[in-house]
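Asker: Handing you a structure now.
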Amino acid sequence: MNNVQSILGGVFILWIVLLAGCQKIKILNPSYDVPVVKRADLLSGKALFGSSAKRITLPDDDVLGLNQKIREHLEAYVPRTKSHVTQARSLMRLVTGAGLLGMEYDVSKTYTAKEAYRKSVGNCLAFSYLFVAMARERGMDVEFQEVEIPPAWDHDEGDLYYFRRHINVRVNMKELTDYIVDIDEVNNKPQYRAWGISDKEAIALYYSNKAADYLYEGDIKAAFRYLVKGAELSPKDASIWSNLGVLYRKQGLKSYAEKAYFIALQNKGNQWSVLNNLSALYQHGGEEEKAAYYAQLAEEHRLKNPYVRFFQAKDAFEKHDYLIALEHMKVAVDRKSDEKKFYLLLVKIYHALGEDQKAQEMQQQAMVSR
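Here you go:
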């Protein structure tokens, strides 16, 4: 069974990819007959490492720490001024500008602030850690924020898939519109919903990403240590619990994986991936009824995403199924009415259907959308 993993612009969430065509079976309360596993059991590691679990220590990476060389760079390139706009732009030039730090974007590189500075490369996490740490050193009011981006996946040469999340930085201005800084130009769109997250929540994503790297490398103990640290910092992040469930599933500990997934469902995060995890877990164990139930829930959840509908509409359009494409796009626009590319696709669909007046209306709507 394929494993899926998630990135946050670099942030990882792991899940299991399901086979298509699961039978829809209506079950309100699937019955369970498994050992009782508690949250503390998941975090203790005893089921994984036995008595040696007591000697496991959690990592404490200096994620937002700076060094003297970085401070000297700040002194030289970022003026001490009351204008946070001037400071933010100067700091952005320092971090990304040619001839200066020239940091490059690489979705696979999760680093601390100091590592990102030294290597001049990183994903959205690495960039955000470095920018926030340097901005605060200059007295700026900044915060991390997570961005709701269109669903996207990557696949490596093995059996892991990566579902992307994204974060950037908001510079809070006293009198002007807040200033957003982001290393990923593709996902820096004003129409994407964004919300502030705490330092602990942002740093927990670092530990979750590093855990995913270790899991891919087969270092189960390191992956476990980093996931537990992430759960300690952000106990309500569903992706961390989902990743922990994948770790336990890969070690054949079904009841522990199941418990981790159910904790994930109780918290905020990508519920679709968690439901997929559960379905695949039961499918792998031969529990077809439960597998089908959670597969159905996952599909229903997936279809609520307007971008999923958009991708389905594009696929239908390419197959000349214009009416099906139109139905998908009506749902997409109903759920997100300010996405320009939705209307541009509707222009094509209505032209294909011979409804030129409708196509013109959609073109006008696209012009006023972002």
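Residue numbers for the sequence shown follow this note's numbering, so the first one is 212 and each next one is one higher.
Glycine included, each C-beta is placed from N, C-alpha and C at the ideal position.
Checking the sheet assignment: what are the DSSP bridge partners for residue 390?
Answerer: Note: residue 390 sits in a beta bridge opposite 382.
Asker: Short check: CB of residue 321 to CB of residue 336, under 7 Å?
Answerer: Yes, these two residues count as a Cβ contact at 7 Å.
Asker: In the DSSP assignment, find the alpha helix (DSSP H) that holds residue 408 and state where it starts and stops.
Answerer: Segment 405 to 408 is the beta strand (DSSP E) holding residue 408; no alpha helix (DSSP H) there.
Asker: Give me the residue from 382, 379, 482 with the minimum Cα distance to residue 511.
Answerer: Ranking 382, 379, 482 by Cα distance to residue 511 puts 482 first.
Asker: Take residue 456 as the anchor and find which of 443, 581, 471 has the nearest alpha-carbon.
Answerer: That would be 471, whose Cα lies nearest to the Cα of residue 456.
Asker: Between the C-alpha atoms of residue 563 and residue 529, what's the straight-line distance to the nearest angstrom?
Answerer: Residue 563 and residue 529: Cα-Cα distance of roughly 11 Å.
Asker: Note the first and the last residue of the continuous alpha helix (DSSP H) segment covering residue 571.
Answerer: That run of the alpha helix (DSSP H) goes 567 to 579.
Asker: Is the beta carbon of residue 306 sitting closer than 7 Å to the one on residue 339?
Answerer: For residue 306 and residue 339, no; Cβs fall outside 7 Å.
Asker: Quick one, which of 357, 384, 577, 534 has its alpha-carbon nearest residue 293's?
Answerer: It is 384 whose Cα lies nearest to the Cα of residue 293.
Asker: Give me the Cα-Cα distance between residue 354 and residue 464, rounded to the nearest whole angstrom.
Answerer: Going from the Cα of residue 354 to the Cα of residue 464 covers about 38 Å.
Asker: Closer than 6 Å to a non-hydrogen atom of the ligand PLP - does that hold for the CB of residue 556?
Answerer: With respect to the ligand PLP, the structure offers nothing, as it holds no ligand at all.
Asker: How would you call residue 393, buried or exposed, if buried means at least 16 neighbouring beta carbons within 10 angstroms?
Answerer: Classification for residue 393: buried.
Asker: Distance, Cα to Cα, residue 310 vs residue 410?
Answerer: When rounded, the distance between both Cα atoms is 30 Å.
Asker: Determine the DSSP secondary structure at residue 649, reduced to helix, strand or coil.
Answerer: In the structure as shown, the chain begins at 212 and stops at 581. Residue 649 is therefore absent and cannot be evaluated.
Asker: I need the DSSP call for residue 497, collapsed to helix, strand or coil.
Answerer: Three-state DSSP puts residue 497 in coil, outside helix and strand.
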